[in-house]
Every structure is written in C-alpha cells, then in structure tokens.
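In my numbering, each residue's number is its place in the sequence shown (first place is 1) plus 14.
Every residue, glycine too, gets a C-beta built ideally from N, C-alpha and C.
Quantities reported herein were computed from a predicted structural model and do not represent experimental measurements.
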Amino acid sequence: TDGDIGAVFGLGFPPMKGGPFRFMDTYGICNIVDLMNNYQLEYGDRFVPTQFLIDMVKENKKFYP
15 TDGDIGAVFG LGFPPMKGGP FRFMDTYGIC NIVDLMNNYQ LEYGDRFVPT QFLIDMVKEN
75 KKFYP
C-alpha cells in the first residue's frame, strides 16, 4: 500500500519488513490487537486498538490479498 511505501521512505520503517501494513499481515493482525490490548492494560488508553483493526480480526481480513 501507499502507507507502506511512505513509512519506509518517509519514517524509516525497516524495508526488510515491507512496511507496517505488510508487517501486520505477516505477524498477524490478531496478534497485534492482542499485544495492543496488553499494552493498554499496562500503559493506558493510548494503546487501545482501533475499531478498524478489531473488525479486521473478526472478519479475518488482511491489508494485502
């Protein structure tokens, strides 16, 4: 996605991971949401997963086909 390209070239996201959206697809969006929920308990509401990510987990969707 354009977000991956922008993150790699603009923010310095590690290119070998493919960008943040590719990384989430590879690592598992459900794992990301679980991790964010744990961080929320530990560090507060800034780590609340977005409804978009929660819906992606429920519908078993990915950013890339």
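Three-state secondary structure assigned by DSSP to residue i
i: Lys76; result: coil
i: Gly24; result: helix
i: Thr40; result: helix
i: Val71; result: helix
i: Pro34; result: helix
i: Pro63; result: coil
Boundaries of the alpha helix (DSSP H) in which residue i is found, first to last residue
i: Gly20; result: 16-20
i: Met50; result: 43-57
Assigned exposure category for residue i - 16 Cβ within 10 Å defines buried
i: Pro28; result: exposed
i: Gln18; result: Before going on, a small fix: residue 18 reads as Asp here, not Gln. So Asp18 ends up on the buried side.
i: Pro34; result: buried
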